[in-house]
Structures are given as C-alpha cells and as structure tokens.
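Written out below as structure tokens is the structure these notes cover.
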Amino acid sequence: MRGRLIGVLTVLLVGCGLALLWGLRSRGPEAAGERATVATQGPARAASTPGRSDRTDAGDTPPLAQAPSEAEGALDVEVLVGEQPIAGAHARLYWQGAREASSGTTAWRRVGEGVTDARGHVRIASGPGRYLVAVRAPAQAPLLREVVRPQGERLTSLRVSLLPGQSLTGHTVVKRTQEPLPLVELILTAHTKTLEPWQRAEAPDEERVYVTSDARGAFRVDGLAPGTWRLEARAPGHARVVMERLLIPSEGPLTVALRVAGVIEGFVVDAEGLPAADAEVRVDGSSDPGVTTGAQGGFSLEVEPGSHTLSAWRGEESGALDAPVVSIAGGVVRDARIRLGPGAWLEGRVVERSSGTPVEGASVDLRRSGGDEDVGRALSDAEGHFRLRGLAPGSYDASVSAPGFSSIVRYGLTVGAGEHFPVELMLPRTGAVEGQVRDTRGSPVAQARVSRLAPGSDADRVMGEARTDATGHYRLEGLPPGWMSLSARREGATVGVVRSVEVGEDGAARADFTLEGTGTVEGVVRATRGALPQGTLSVTSLGQDSGSPGAVSAEATFRMVLPPGLHMLLLTERGRFDMSAQKSVHVEEGRTVQVEFTWEVSREASEYRGVVLEPDGTPSPGASITLAAAEGRGTPLMMDSADEEGRFSISLAPDASTRRVVLNARNGGRSSEAVPVSAGQDVVVRLRPAASLRGRVVREDGPVRGFSLTLQLQKGFLAQGQGPREFSGERFEWKGVPAEPLQLVAQAADGASGEARVSPGVGGTLEVEISLKALATVSGRVVDAATKAPVTDAFVSIEGEAHGEGNGPDEQGRFTFSDVRAGERVLLITAPAHGHVRRPLKLQAGEVIHVGQIELEARPPTSGPPSP
Numbered sequence: 011m012r013g014r015l016i017g018v019l020t021v022l023l024v025g026c027g028l029a030l031l032w033g034l035r036s037r038g039p040e041a042a043g044e045r046a047t048v049a050t051q052g053p054a055r056a057a058s059t060p061g062r063s064d065r066t067d068a069g070d071t072p073p074l075a076q077a078p079s080e081a082e083g084a085l086d087v088e089v090l091v092g093e094q095p096i097a098g099a100h101a102r103l104y105w106q107g108a109r110e111a112s113s114g115t116t117a118w119r120r121v122g123e124g125v126t127d128a129r130g131h132v133r134i135a136s137g138p139g140r141y142l143v144a145v146r147a148p149a150q151a152p153l154l155r156e157v158v159r160p161q162g163e164r165l166t167s168l169r170v171s172l173l174p175g176q177s178l179t180g181h182t183v184v185k186r187t188q189e190p191l192p193l194v195e196l197i198l199t200a201h202t203k204t205l206e207p208w209q210r211a212e213a214p215d216e217e218r219v220y221v222t223s224d225a226r227g228a229f230r231v232d233g234l235a236p237g238t239w240r241l242e243a244r245a246p247g248h249a250r251v252v253m254e255r256l257l258i259p260s261e262g263p264l265t266v267a268l269r270v271a272g273v274i275e276g277f278v279v280d281a282e283g284l285p286a287a288d289a290e291v292r293v294d295g296s297s298d299p300g301v302t303t304g305a306q307g308g309f310s311l312e313v314e315p316g317s318h319t320l321s322a323w324r325g326e327e328s329g330a331l332d333a334p335v336v337s338i339a340g341g342v343v344r345d346a347r348i349r350l351g352p353g354a355w356l357e358g359r360v361v362e363r364s365s366g367t368p369v370e371g372a373s374v375d376l377r378r379s380g381g382d383e384d385v386g387r388a389l390s391d392a393e394g395h396f397r398l399r400g401l402a403p404g405s406y407d408a409s410v411s412a413p414g415f416s417s418i419v420r421y422g423l424t425v426g427a428g429e430h431f432p433v434e435l436m437l438p439r440t441g442a443v444e445g446q447v448r449d450t451r452g453s454p455v456a457q458a459r460v461s462r463l464a465p466g467s468d469a470d471r472v473m474g475e476a477r478t479d480a481t482g483h484y485r486l487e488g489l490p491p492g493w494m495s496l497s498a499r500r501e502g503a504t505v506g507v508v509r510s511v512e513v514g515e516d517g518a519a520r521a522d523f524t525l526e527g528t529g530t531v532e533g534v535v536r537a538t539r540g541a542l543p544q545g546t547l548s549v550t551s552l553g554q555d556s557g558s559p560g561a562v563s564a565e566a567t568f569r570m571v572l573p574p575g576l577h578m579l580l581l582t583e584r585g586r587f588d589m590s591a592q593k594s595v596h597v598e599e600g601r602t603v604q605v606e607f608t609w610e611v612s613r614e615a616s617e618y619r620g621v622v623l624e625p626d627g628t629p630s631p632g633a634s635i636t637l638a639a640a641e642g643r644g645t646p647l648m649m650d651s652a653d654e655e656g657r658f659s660i661s662l663a664p665d666a667s668t669r670r671v672v673l674n675a676r677n678g679g680r681s682s683e684a685v686p687v688s689a690g691q692d693v694v695v696r697l698r699p700a701a702s703l704r705g706r707v708v709r710e711d712g713p714v715r716g717f718s719l720t721l722q723l724q725k726g727f728l729a730q731g732q733g734p735r736e737f738s739g740e741r742f743e744w745k746g747v748p749a750e751p752l753q754l755v756a757q758a759a760d761g762a763s764g765e766a767r768v769s770p771g772v773g774g775t776l777e778v779e780i781s782l783k784a785l786a787t788v789s790g791r792v793v794d795a796a797t798k799a800p801v802t803d804a805f806v807s808i809e810g811e812a813h814g815e816g817n818g819p820d821e822q823g824r825f826t827f828s829d830v831r832a833g834e835r836v837l838l839i840t841a842p843a844h845g846h847v848r849r850p851l852k853l854q855a856g857e858v859i860h861v862g863q864i865e866l867e868a869r870p871p872t873s874g875p876p877s878p
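Below, the structure written as structure tokens:
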C-alpha cells in the first residue's frame with residue numbers, strides 16, 4: 011500500500027486527490043490485514059465472570075502439512091514481565107497464509123510451540139515467512155505479535171513484554187429502545203500495531219476472546235491486554251455491530267447497541283414460473299450462509315441495513331435479482347422474486363505462462379466481485395482443463411494457485427444468464443531478486459532489511475523480506491514475476507530506499523541499494539486546547555521512500571530515523587489530516603532535528619448534515635456522500651457514508667465555509683443530482699433510479715474476442731462500482747450505472763484501447779459502441795530546477811490513467827508510460843520537497859512522444875536548526 015499511499019498523499023498536497031483519501035478512511039471492516047493480542051489456548055478466561063462464554067468450538071487451527079526443522083532456522087522469543095525475564099511462559103507460533111476463498115479470512119496454520127527457560131527464552135523452528143506469535147503467562151494478559159522471519163537469517167530474535175490484564179464491562183441493548191438485549195455474542199480481537207483505517211484485526215479463532223451477555227444484557231471480560239481491540243457483536247434478529255477501534259482499558263462500562271435486522275422475503279421460481287423448492291438463496295458479497303427455499307419456493311433472509319443483491323442456485327440452474335433490494339433496520343421487504351434459468355459457466359485451461367504447457371492440480375476459486383463468499387472451486391486436470399457451472403448472472407473474481415507457481419487473480423469475469431465464458435489462465439513461475447546493500451562509502455551494510463512492498467489495497471504490507479549478510483548480500487525468493495517495489499532500510503530506521511525492479515521467471519533479477527547514514531527527527535505534538543486523541547496520531551514522511559509512520563506516544567512525542575535530506579512530514583489521525591499540519595524538515599546525518607506540530611483538537615468545523623432517501627422515499631442506508639467545490643473539475647473536498655438510517659454529518663475545515671459547496675449522494679448505481687448545500691443546514695437528498703448500458707466493442711483489424719471495461723464519472727469521483735469487468739466476446743451489458751455523464755474505457759488483451767463518453771438517462775438503457783485504437787507512449791525526465799539533478803522521488807502520472815509499476819522515474823529521473831490512451835491527457839508531476847507541474851498532452855493512436863526535461867522548483871524547509 012505504500013506506493014499508493016505515497017502517491018495519494020503527494021497528490022493531496024497539490025489538491026488533486028482528496029477522493030482517494032476518503033477511500034483510505036472509509037473502507038472500514040471490509041478489508042483485512044490486522045493482527046491480534048489474545049490468549050493461545052482458547053479464549054482468555056477469568057474465574058466466575060458473569061456472562062462469560064465457555065465456547066468449545068472457538069477453533070483449532072490445523073498444523074502445517076510439514077513441520078519445519080531447525081535446519082530451516084528458528085524464531086527466538088524472549089518474554090519479559092516488568093523488564094525481567096520470566097520462565098514458564100508459553101509461546102505458540104502461527105504461519106500466516108493467503109486469504110481463503112471460502113471465508114475471505116486468512117489461512118492460519120500452527121507451526122510449533124514451547125515454554126520459556128530460566129532466561130525467558132524459547133526457540134521455535136520456522137522457515138522464512140510471516141507469522142503470529144502468541145504468548146501467555148500466569149497473571150499476565152495474553153499477547154499476540156506479528157513477526158517476519160526474513161530470508162537469509164537463520165535466527166530471528168523477538169522480545170515481548172507482558173502486562174497485567176484489564177477488564178471490560180458493559181451491556182448489550184436494542185438501539186432504538188435501549189432495552190436490554192440478552193445473549194449477544196461478543197468477539198474481541200486485539201490490534202498489535204497502528205492500523206490503517208480500512209484494515210481489520212484478524213487472528214486464529216482460538217486466539218480471539220468470546221463472551222456472551224447474560225439475561226440482563228450484562229457482560230464482563232477479564233484478562234485483556236491494554237491497547238486497541240476490535241469488537242464484533244452478533245445476535246439473532248439483529249444487525250451485526252462492529253467497533254473497529256475499542257480502547258482497553260475503557261473509560262467506563264461499554265454500551266453495545268444493536269439494531270433490529272432487516273428482513274427480505276420472497277420466492278424462487280423455475281424457468282416455467284413454478285415454485286423452486288430446495289434452492290439456495292444468498293446475499294451477494296456476504297460470507298454469511300444463505301437459506302434454502304421451502305416447498306413453495308419461499309425464503310426469508312435476515313440482513314443488515316443496506317443495499318443487497320440476491321442470487322439463487324439449484325443444481326446447474328441459477329438466477330439473480332435485476333436490481334438491488336434496499337433494507338432498513340426493522341423493515342421487511344416482501345415479494346422479492348428470483349427466476350431460475352440455465353446457469354452460466356466458466357471453462358478453460360490453466361497453463362504455464364512461459365511455455366503454455368498445462369498445469370495439473372491448479373485450484374481455481376471463484377467469488378463474487380467485491381465479495382467474500384466462495385461460489386465455486388475447481389481443480390485443473392492433466393490437460394489443465396477446469397469447469398465451473400451453474401453461475402448466476404454477474405461478475406466474478408477468479409483466484410488461481412498451484413504449487414511452484416505465483417498466484418494470480420482475474421477480476422470482473424462477467425457472465426449473463428446461460429452464457430459460456432471461455433478463459434485461459436496463465437500461471438507464472440516464481441522469481442528471485444538478489445543484490446548488494448552498501449553505504450555511501452561503498453562498505454557493505456549488514457543486517458539491512460530488504461522487503462517487497464505489496465501493491466494495491468494491501469499497500470504498506472511487506473510481502474517478503476530478506477536480511478543482508480556480513481558482505482551486504484541478500485537474496486529474496488518466491489516472488490511473482492513482473493515489476494515490483496523493493497525497500498531497503500537499516501535496522502531501526504523509519505524510512506528506507508525504494509527501487510522498482512522487474513522480476514523474471516528464470517534466474518534472479520539484480521537490485522543493489524546504497525543507503526545513506528541516518529539522522530533523527532524528534533518532535534512533540536501540542537493541542538491548541540483540550541487533550542490530544544490517544545493512540546490515533548502518527549507522523550508520516552512523504553515521498554517514494556518506504557517506511558512506517560512514527561506513532562505519537564502518550565506523552566505526545568514521536569521519534570523518526572530518516573536519511574539525510576529534505577522530508578515533508580505530515581501529522582495524521584487515522585489517515586485523516588489537516589493541510590496545516592505539515593512540516594518540511596532538513597535532516598543531517600548523525601544529528602537530531604526538533605519539530606513541533608500543533609493539532610487543532612476542537613476547531614470549529616463547518617458541518618454539513620442531512621438524510622439520503624431512495625427513489626421511493628425510504629432511507630438509503632450506507633449511501634456514499636461527496637462534498638465538492640461547485641467550481642472546477644468536481645474534486646472531492648470530503649467523502650463519507652450515511653448511517654443505517656440514511657443520515658450523515660460531514661465536517662470540513664472552517665475555511666471551507668467560504669466556498670460554494672455541492673453534495674452528491676450515491677448508493678450503487680442510484681445517484682442524486684448535485685445539490686448546493688450550506689453549513690449548518692439540514693438537507694434531504696433523493697436518489698434517482700440507476701441506468702443501464704449495453705453495446706459492443708469494435709476494431710478495424712478484425713473482430714473483438716474479449717475485452718475489459720471500466721467506467722468513471724466525467725466530473726467527480728466514483729468510489730466503487732467502476733470495474734474493471736471482463737467480457738468474453740464483443741458485446742457487453744452493464745446494469746446499475748449512475749444516470750450521469752460517464753466515461754467508458756475498453757481494453758483488449760493486446761493493449762488496444764478505446765473510450766466513449768455517454769450520458770444515460772434515469773432508469774433507461776443506452777446503446778454504446780466503442781472503437782479500439784493503439785496506445786501511445788509518453789516519456790521524459792524530471793530534474794531539480796536549480797541543480798538540474800534528477801528528482802528520483804517524484805510522483806509521475808497521467809491524469810485519469812491507471813499504470814503499473816516500473817514507469818519511473820529511475821535513478822536518472824527518466825520516466826516512460828507505454829500504455830496511454832490517445833486523446834487529450836494531462837501529465838502530473840510532483841515531489842515531497844518540490845512543487846508540482848501539470849502538462850497538457852494531445853496524443854494520437856500509437857504515437858511516441860518525448861516531453862523533454864521537466865524542472866521542479868524546490869520548497870524551502872520550515873523546521874528549526876538541527877542539534878548535535
């Protein structure tokens with residue numbers, strides 16, 4: 011995520027990317043990647059705790075298929091209590107695997123366990139990889155800590171300190187009436203580090219804490235580690251409640267309020283219109299099990315407030331609702347009808363990418379696009395063939411994996427009723443990278459960390475790590491081929507150096523790093539009034555160097571170890587920031603620079619509030635709200651979501667009240683008109699019905715045999731539902747799109763691309779034709795305006811284009827984009843310690859254009875002088 015976060019925050023600094031910032035703060039519980047701090051042998055227990063659940067099915071994580079040997083290396087865990095080693099503490103190690111298609115959760119496996127000796131140490135055999143270690147000792151709170159065993163390091167050391175347990179008490183109630191709600195199951199999972207707003211805490215089931223409220227709704231849990239926890243509450247007949255960040259110890263008894271669930275009732279009929287008994291009905295995008303229809307084809311589903319699409323299966327028959335069903339808390343939607351017909355099917359071959367030979371035993375896991383539930387799994391045969399039948403109309407993501415190969419995902423495979431989608435899935439072999447890490451004098455840097463940074467929504471997550479040996483050499487294996495970002499940093503450094511490298515399937519790619527010495531930034535955060543928010547503030551150094559934020563301590567201080575040079579520091583609260591809370595600092599090797607931030611704790615923000623209604627006048631739970639300046643290109647000022655009753659309240663900085671602001675609301679393809687709004691005034695926003703698109707994609711040199719399609723608003727930002735969707739022939743149909751001016755982009759497998767600008771009518775269907783053309787190439791060089799030195803940490807992009815890794819700039823400041831659509835485009839360039847440039851371009855199909863040398867003006871530093 012690091013690559014995307016850097017790009018997003020850099021663009022934010024020039025006012026071009028607030029929309030993505032909302033994406034960072036609004037994904038909430040639908041993403042993964044957290045760790046937990048809980049007990050190792052089942053739920054943490056306390057003697058005679060009222061309302062305590064004694065679940066015996068809390069989970070039993072299976073062991074690794076083959077236990078590691080000490081020849082592969084080991085993890086040495088040192089356990090302290092009050093700075094003193096403790097003997098007899100129990101430690102268990104879990105391997106963290108890929109996400110399972112069937113549940114959408116991480117696949118955990120037990121690796122080994124042991125008890126600390128008199129020195130407080132325990133050693134557990136383990137190979138390189140990502141793990142969780144669970145530690146417990148008498149009279150102390152259990153602890154779970156994430157740890158990476160790097161490649162090239164035989165023994166990895168980890169020191170943990172245990173603390174006395176804390177208690178959590180509270181009540182479970184019904185949201186509207188505040189009446190006690192008995193027998194609510196509460197599941198607690200602890201955080202182990204500062205998490206991004208979209209991330210969710212995860213742990214093996216037996217490492218979570220389970221409790222059930224008593225007959226009066228009271229509950230008590232003892233033995234919890236101090237820190238931040240995720241709490242999930244479930245009860246029959248009520249919508250699930252999730253608190254992603256619950257601080258322990260809490261300030262007092264906790265009230266957990268659950269809304270009454272919504273209900274969707276309806277019928278499933280066969281192709282002749284007769285009742286379809288024993289059909290399975292599911293809510294798309296949900297990992298919850300569905301229901302089975304009765305003898306008359308009837309079903310009743312409890313759902314959370316929101317917009318839901320239903321699908322049904324029976325054998326190889328399938329069907330789906332044409333439009334989403336909106337459910338509100340306590341409401342009942344009746345007469346939802348699903349007609350079954352011949353199911354669609356996905357069929358093809360899994361082959362090795364380099365040779366085209368079939369891959370036997372590859373697993374093809376299919377899930378609804380954007381959802382967690384597994385809708386089908388197939389294994390390829392000796393010829394690489396596989397087949398998945400009985401699919402309901404819609405879009406699917408296919409995850410493909412096989413031993414010895416890199417896993418791939420094909421997104422948005424879209425089928426209509428009864429359609430056949432032929433597909434060839436090409437699996438690449440894994441690759442490797444090796445190289446040297448040296449300092450500026452050419453001397454080797456031992457014990458440096460070299461990591462692969464994950465792309466996309468898992469950014470900031472290290473996917474693999476190696477350590478350099480005494481000669482500064484490292485080797486990182488098991489990598490997917492293609493362009494990727496590698497980070498090298500000294501042990502203890504906050505920020506490292508990032509390089510892009512292209513990994514092949516044969517041999518090892520080469521990537522050498524030169525690490526400068528480091529300096530230190532020490533700082534304090536002062537509140538203008540009141541107290542600082544605890545555990546949520548951090549300081550990030552922007553740029554293409556990789557690193558983790560410096561957490562602001564309870565004493566309001568922070569410390570960062572950075573390479574020499576100019577750094578733009580940004581003070582954030584859970585990914586949200588104030589543009590005034592940034593500092594440019596100059597770091598010198600071996601010296602410490604002092605920085606002071608001021609946090610506006612209680613600024614008088616402009617509040618925009620109201621309610622979003624569906625076209626029929628009912629509340630629209632979960633609708634997305636966008637506030638944008640009335641002038642300009644519709645760049646969002648802030649984005650948020652409505653609650654379960656369709657209500658929203660969004661705050662902007664005080665200076666925003668002087669702007670003319672418009673509001674847009676969307677829920678799926680249903681959208682509102684742009685509504686002028688004023689701070690402090692309630693507004694009622696009604697959504698309009700969605701539109702549909704259908705059409706075909708053509709090219710001059712022959713028929714189109716498959717393409718991908720994305721859509722975006724011509725003005726503004728579409729947070730979700732933009733695709734890509736992949737179609738097997740030349741035609742497409744896309745239901746549920748906003749009835750607004752849209753831009754469609756189609757791309758064939760050979761890179762040919764085309765676009766169309768359309769304006770579908772409310773509730774209507776628009777026919778579209780898109781013509782494919784060859785892509786253009788844009789290259790250039792970024793330098794400092796004064797020194798003419800290359801600016802290697804610049805962020806370069808083409809506005810409105812999505813690009814992969816490897817575009818640059820490289821060590822000489824050169825960049826190249828070989829996948830740019832023809833037409834009028836804008837080249838965007840910015841850097842943390844520099845200004846920004848916007849360069850209009852007009853590109854012809856297949857054109858190769860060099861924009862020359864682009865100069866960036868440096869920003870002056872704002873910090874005080876460094877201290878020795």
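Using my numbering, the letters of the sequence shown map in sequence onto residues 11 to 878. Cβ atoms here follow ideal geometry from the backbone N, Cα and C, with glycine treated the same way.
Is residue i helix, strand or coil by DSSP?
i: L866; result: strand
i: E610; result: coil
i: E312; result: strand
i: V768; result: strand
i: E512; result: strand
i: L449; result: At residue 449 the sequence reads Asp, which differs from the Leu that was named. In the structure shown, D449 sits in a strand (DSSP, three-state: E or B).
i: D215; result: helix
i: C26; result: With a pLDDT of 38 at C26, under the threshold of 50, the modelled position of that residue is not reliable, and the figure given next carries that caveat. DSSP places C26 in coil when its eight states are reduced to three.
i: A81; result: helix
i: H201; result: coil
If distances are taken between C-alpha atoms only, which option among the options comes closest to residue i?
i: V621; options: V219, V694, V605 and N677; result: V694
i: G488; options: R619, L256 and D516; result: D516
i: E532; options: G514, G560 and L547; result: G560
i: P315; options: G98, R269, D232 and A225; result: R269
i: Y104; options: V157, A200, E290 and A128; result: V157
i: A843; options: L552, G300 and V231; result: L552
i: R767; options: L752, A756 and V443; result: L752
i: R255; options: R363, V571, P236 and A458; result: P236
i: E740; options: V778, P748, L723 and R387; result: V778
i: G482; options: G452, V91, V508 and G764; result: G452
i: G262; options: H318, A339 and G180; result: G180
i: R680; options: S688, E290, D803 and G627; result: G627
Rounding to the nearest angstrom, what Cα-Cα distance links residue i and residue j in this structure?
i: Q604; j: T126; result: 41 Å
i: D375; j: G474; result: 24 Å
i: A213; j: T199; result: 7 Å
i: S390; j: S373; result: 7 Å
i: G380; j: Q691; result: 35 Å
i: A281; j: P432; result: 25 Å
i: R230; j: A267; result: 16 Å
i: D470; j: L463; result: Low local confidence applies: a pLDDT of 39 at D470 is under 50, so the model's placement there is unreliable, with the coordinate-based value given in what follows. Distance between the alpha carbons of D470 and L463 is about 7 Å.
i: G394; j: G426; result: 25 Å
I believe residue i touches residue j by the beta-carbon criterion, under 8 Å. Please report the beta-carbon distance rounded to the nearest angstrom.
i: V293; j: V313; result: 6 Å
For residue i, which residues of its own chain have a beta-carbon under 7 Å away from its beta-carbon, when the five flanking residues on both sides are left out?
i: V793; result: A799, P800, V801, G823, Q863 and E865
i: H860; result: S789 and G790
Residues in its own chain within less than 6 Å of residue i by CB, not counting five upstream and five downstream?
i: S828; result: T787
i: V534; result: A566, T567 and E606
Short of 8 Å in beta carbon distance, which residues of its chain neighbour residue i, apart from the five on each side in sequence? Order them along the chain.
i: R477; result: P160, Q161, G162, E163, Q457, A458, R459, V460 and Y484
i: P60; result: Here the model assigns P60 a pLDDT of 31, short of 50, so the residue's position is not dependable and the matter cannot be decided.
Closer than 7 Å: is that where the CB of residue i sits relative to any heavy atom of the ligand COA?
i: V447; result: As far as ligands go, the structure on display features none, and thus does not contain the ligand COA.
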